[in-house]
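Participant: Got a structure for you, written out below as structure tokens; questions coming shortly.
There are 2 protein chains.
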Amino acid sequence: MTSIKQSKTKRIFFMTQKLMSNPGKTISLKYFVDNLGAAKSTISEDLAQIKNYLEESGEGTLYTLAGKHGGIKFIPRQSSETIANTLSELENRLTDQKRILPGGYLYMSDIVSDPDLLKKVGGIFAGYFINDQPDIVLTIETKGILLAGVTADYLGIPLAIARNNSRVTEGAVISINYISGSSNKIQTMSLPTRAIEKNSRVLLIDDFMKQGGTLKGLKNLTKEFESKVVGKGVLLERGQAQDKLITDYLSFGIINKIDEEYKDIDLRMNLPEKFIRN
Amino acid sequence: MTSIKQSKTKRIFFMTQKLMSNPGKTISLKYFVDNLGAAKSTISEDLAQIKNYLEESGEGTLYTLAGKHGGIKFIPRQSSETIANTLSELENRLTDQKRILPGGYLYMSDIVSDPDLLKKVGGIFAGYFINDQPDIVLTIETKGILLAGVTADYLGIPLAIARNNSRVTEGAVISINYISGSSNKIQTMSLPTRAIEKNSRVLLIDDFMKQGGTLKGLKNLTKEFESKVVGKGVLLERGQAQDKLITDYLSFGIINKIDEEYKDIDLRMNLPEKFIRN
Chain A
1 MTSIKQSKTK
11 RIFFMTQKLM
21 SNPGKTISLK
31 YFVDNLGAAK
41 STISEDLAQI
51 KNYLEESGEG
61 TLYTLAGKHG
71 GIKFIPRQSS
81 ETIANTLSEL
91 ENRLTDQKRI
101 LPGGYLYMSD
111 IVSDPDLLKK
121 VGGIFAGYFI
131 NDQPDIVLTI
141 ETKGILLAGV
151 TADYLGIPLA
161 IARNNSRVTE
171 GAVISINYIS
181 GSSNKIQTMS
191 LPTRAIEKNS
201 RVLLIDDFMK
211 QGGTLKGLKN
221 LTKEFESKVV
231 GKGVLLERGQ
241 AQDKLITDYL
251 SFGIINKIDE
261 EYKDIDLRMN
271 LPEKFIRN
Chain B
1 MTSIKQSKTK
11 RIFFMTQKLM
21 SNPGKTISLK
31 YFVDNLGAAK
41 STISEDLAQI
51 KNYLEESGEG
61 TLYTLAGKHG
71 GIKFIPRQSS
81 ETIANTLSEL
91 ENRLTDQKRI
101 LPGGYLYMSD
111 IVSDPDLLKK
121 VGGIFAGYFI
131 NDQPDIVLTI
141 ETKGILLAGV
151 TADYLGIPLA
161 IARNNSRVTE
171 GAVISINYIS
181 GSSNKIQTMS
191 LPTRAIEKNS
201 RVLLIDDFMK
211 QGGTLKGLKN
221 LTKEFESKVV
231 GKGVLLERGQ
241 AQDKLITDYL
251 SFGIINKIDE
261 EYKDIDLRMN
271 LPEKFIRN
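For the record, the sequence lines run as chains A and B. When the letters of the first sequence are read in order and numbered with UniProt numbering, they come out as residues 1 to 278. When the letters of the second sequence are read in order and numbered with UniProt numbering, they come out as residues 1 to 278.
Shown next, in the form of structure tokens:
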């Protein structure tokens, strides 16, 4: 730690770098004061300026938390325009005919493992669900893990990953049975007893939802941890809303139909406004 | 895009924000010139300043790429001190007695799903393996996915995830058998044929290595894609080097012994110097 007075340029660099590299994490004003050798009032002015620039860029905003554990944090609450760009990037990539697989499935493995795209999507989820004040993100192996991970990162909270088979290396677990819509059979999901603390506020994130059997399973699992689901987000869903086992979830788009013969992907993306709360 | 001339403060904010939010991605000077309404020489001076600050902070550096597709990118090539901090954080967390599970296993599920810690570890991997110029990161489900994901993100390259059972939603796959040291039985790993392009330079990342059977399997799988492994990194390994099935890998530490009765975890972390190349 240095207390040498730093130039404005260096202060702006230092604060921007710390805030952008640690989304969702509260950084105390004292930390900046100590590291930059500037008065608290100067740091506050700099932060107000960074906040303005950030909002102009449409990439997010800064939140100020008062009190003893107070400070400032970066939250990727994006502008409607930024969200619209991500939605159309996602749509373009998903509607590529080459994605159609035998049986009318859509190849999505590259999308759910693309860190770049998932950061944009996870940022949108974080900006939306921050109002629900989640303490932890919960997902299930395998394909939703990265998306759940970046969402948790942007919210500055941990992640828990349920598994279909418990492993000896996870210690005691709580298991439940559920019916997965994609395989249409009874499966087991389990989570280490120490993965979620009692009375947690849990955000469910997954890559894909058909009927919602998996999300319903995750919700039941959450109850076993004496905790509560406060939000549910999936990248994509398939089929009609009336057939769903759960309600109140947020998805980026709905796949209505994939026509293998005519190479047609009938996809409807949600509107950017859907992802913005006041 | 605006071409209104922006203040120095705003330029430093804008460039720092873009670079930090897109590690491993090359951003052209033209992009900054167009968005900030400043001369190329001014942008170059600003970037030199940001580079100095970044190196002072010990968090990374900026790389300049010349030529038509040239530009600048942020690589988290960390200082020895920054790396040492991560190593000791990891050591402190791992040697908590409460992690000892029946059978002499170590509970690590929280660590391999902690976005904050994994960003630090993934940043170190990225700073180390960038010299090997990988095109893609390859891992296997489940526990290594987040670490592999952040490493890929910092390198600005995609990720491929091998699975133990192929799914109908992945289309055609290539499968191989391998012997996993942790379960000591023959298993299958598969990867969609479209996941890795021919002649790729592949970086293998996993959370844990016992004998190296899984990494050896991933190496064999890579060969089936007519590609080449250029680096191997694991968070932790167990046991003696002479018993390993693979060589030339980088790990953060070695678990020598876990004593269930005496609640003792015998862990040796690697030295920070090990993670720095010239």
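All C-beta atoms, glycine included, are put in the ideal place defined by N, C-alpha and C.
(1) Which partner residues of Met-209/A appear in the DSSP bridge assignment?
(2) With a threshold of 8 angstroms, are at least 3 pairs of Cβ atoms found where one atom belongs to the stretch 169 to 187 of chain B and the other to the stretch 84 to 95 of chain B?
(3) Is the beta carbon of Arg-167/A less than 8 angstroms from the beta carbon of Met-189/A?
(4) Secondary structure at Ile-26/B, three-state DSSP: helix, strand or coil?
(5) Can you pull the chain B neighbours of Gly-171/A, defined as C-beta to C-beta under 8 angstroms?
(6) Can you tell me whether Asp-258/B is helix, strand or coil according to DSSP?
(7) Between the stretch 96 to 113 of chain B and the stretch 184 to 203 of chain B, can you find at least three pairs of beta-carbon atoms closer than 8 angstroms?
(8) Identify the contact partners of Val-121/B in chain A, using a Cβ-Cβ distance below 9 angstroms as the criterion.
(9) Between the C-alpha atoms of Thr-2/A and Ile-12/B, what's the straight-line distance to the nearest angstrom?
(10) Return the CA-CA distance between Thr-142/B and Thr-139/A, expressed in angstroms with no decimal places.
(11) I want to see whether chain B comes within less than 8 angstroms of Pro-134/A, judged by CB atoms only; does it?
(12) If we define contact as Cβ-Cβ less than 8 angstroms, is Pro-158/B a contact residue for chain A?
(13) What is the rounded straight-line gap between the Cα of Thr-16/A and the Cα of Gln-133/A?
(14) Near Ser-251/B, what residues of its chain come up, given a Cβ to Cβ distance below 8 angstroms and the 5 sequence neighbours on each side ignored?
(15) Counting only beta-carbon separations shorter than 8 angstroms, does Tyr-53/A have a partner in chain B?
(16) At a CB-CB cut-off below 7 angstroms, which residues of chain B make contact with Arg-163/A?
(17) Report yes if the CB atom of Ala-148/B is closer than 8 angstroms to the CB atom of Leu-155/B, and no otherwise.
(18) Compute the distance between the beta-carbons of Arg-201/B and Lys-223/B, then report whether it is under 8 angstroms.
(19) Which residue's Cα is closest to the Cα of Tyr-63/A: Ser-44/A, Glu-81/A, Ser-80/A?
(20) With Ser-180/B as the anchor, note down where its beta strand (DSSP E) starts and where it stops.
(21) Here's a check: name, in chain order, each residue in its chain whose Cβ is nearer than 7 angstroms to the Cβ of Leu-47/A, leaving out the five neighbours to either side.
(22) Is it true that the CB of Asp-206/A sits closer than 8 angstroms to the CB of Leu-215/A?
(23) What number of angstroms, rounded off, separates the C-alpha of Ser-180/B from the C-alpha of Leu-245/B?
(24) Determine, using beta carbons only, whether Thr-188/B comes closer than 8 angstroms to chain A.
(25) For Lys-198/B, I'd like the list of residues in its chain whose CB is within less than 8 angstroms of its CB, leaving aside the five on either flank, ordered along the chain.
(26) Could you give the distance in angstroms between the alpha-carbon of Leu-204/B and the alpha-carbon of Arg-194/A?
(27) At 7 angstroms on the CB atoms, spell out the chain B contacts of Lys-10/A, in chain order.
(28) Return the bridge partner residues of Phe-13/A from the DSSP annotation.
(29) In chain order, which continuous runs of the beta strand (DSSP E) of length 3 or greater are located wholly inside the stretch 38 to 72 of chain B?
(30) Using 8 angstroms for Cβ pairs, my map puts Ile-276/B next to Ser-41/B. What's the rounded Cβ distance?
(31) Quick check on Lys-168/B - is its C-beta less than 8 angstroms from some C-beta in chain A?
(32) I'd like the span of the beta strand (DSSP E) that includes Val-137/A, first residue to last.
(33) Could you work out which residues of chain B lie near Met-20/A, taking near to mean beta carbons separated by less than 8 angstroms?
(34) Using CA coordinates, which residue listed in Asn-131/B, Asn-177/B, Leu-146/B, Ile-255/B is at the minimum distance from Val-112/A?
(35) Based on Cα-Cα distance, which residue from Leu-36/B, Gly-212/B, Leu-87/B, Ala-39/B lies nearest to Thr-247/B?
(36) When you compare only the Cα positions, how much space is there between Val-33/B and Ala-39/B?
Facilitator: Taking the geometry as given:
(1) In the DSSP output, where bridge partners are listed per residue, Met-209/A has Glu-237/A.
(2) Because the criterion of three Cβ pairs below 8 angstroms is not met, the stretch 169 to 187 of chain B and the stretch 84 to 95 of chain B do not touch.
(3) In this structure, Arg-167/A sits away from Met-189/A, with a CB-CB distance that is not shorter than 8 angstroms.
(4) According to the sequence provided, residue 26/B is Thr. The question's Ile does not apply to it. The answer is coil: DSSP assigns Thr-26/B none of H, G, I, E or B.
(5) Result: Leu-101, Pro-102, Tyr-105, Tyr-107.
(6) Checking the sequence shown, residue 258/B turns out to be Ile, not Asp. The answer is strand: DSSP assigns Ile-258/B an E or B state.
(7) Contact between the stretch 184 to 203 of chain B and the stretch 96 to 113 of chain B is absent, because fewer than three Cβ pairs lie under 8 angstroms.
(8) Result: empty, since nearest Cβ-Cβ is about 13 angstroms, beyond 9 angstroms.
(9) Per-residue confidence for Thr-2/A stands at a pLDDT of 48, beneath the threshold of 50, marking its modelled position as unreliable; the derived number appears in the next sentence. Taking the straight line from one Cα to the other gives about 21 angstroms.
(10) Spanning the alpha carbons of Thr-142/B and Thr-139/A requires a straight line of approximately 12 angstroms.
(11) Not one chain B Cβ lies under 8 angstroms of Pro-134/A.
(12) It does: the Cβ of Pro-158/B has a partner Cβ on chain A nearer than 8 angstroms.
(13) About 24 angstroms.
(14) Excluding residues within five positions, the ones whose Cβ falls inside 8 angstroms are Met-209, Gly-233, Val-234, Leu-235, Leu-236, Glu-237, Asn-270.
(15) Among the CB atoms of chain B, one or more fall inside 8 angstroms of the CB of Tyr-53/A.
(16) Correct list: Thr-142.
(17) In this structure, Leu-155/B does not lie closer than 8 angstroms to Ala-148/B by Cβ.
(18) No, Cβ-Cβ distance for Arg-201/B and Lys-223/B is not below 8 angstroms.
(19) Ranking Ser-44/A, Glu-81/A, Ser-80/A by Cα distance to Tyr-63/A puts Ser-44/A first.
(20) 173 to 180 is the span of the beta strand (DSSP E), which, as asked, contains Ser-180/B.
(21) A distance below 7 angstroms between beta-carbons, with the five flanking residues on each side excluded, links Leu-47/A to the following residues of its chain, in chain order: Met-15, Leu-62, Ile-72.
(22) The answer is yes: Cβ separation under 8 angstroms.
(23) Each residue's alpha carbon lies about 11 angstroms from the other.
(24) Chain A, which has no Cβ nearer than 8 angstroms to the Cβ of Thr-188/B, makes this no.
(25) The answer, listed in chain order, is Phe-225, Glu-226, Ser-227.
(26) So the alpha carbons of these two residues sit roughly 29 angstroms apart.
(27) Contact annotation for Lys-10/A against chain B: Tyr-53 [CB-CB distance below 7 angstroms, chain order].
(28) Paired residues: none, contrary to the question.
(29) Every beta strand (DSSP E) stretch that sits fully inside the stretch 38 to 72 of chain B and reaches 3 residues is listed by chain position as 61 to 65.
(30) At roughly 33 angstroms, the Cβ-Cβ gap does not stay under 8 angstroms, so Ile-276/B and Ser-41/B are not in contact.
(31) Note that residue 168/B is Val in the sequence shown, not Lys. True, the Cβ-Cβ gap to chain A drops below 8 angstroms.
(32) In the DSSP assignment, Val-137/A falls within the beta strand (DSSP E) that extends over 136 to 140.
(33) Result: Thr-16, Gln-17, Met-20, Ser-21.
(34) Looking at the Cα atoms, Leu-146/B is the closest of the given residues.
(35) It is Gly-212/B.
(36) CA-to-CA, the gap between Val-33/B and Ala-39/B works out to about 6 angstroms.
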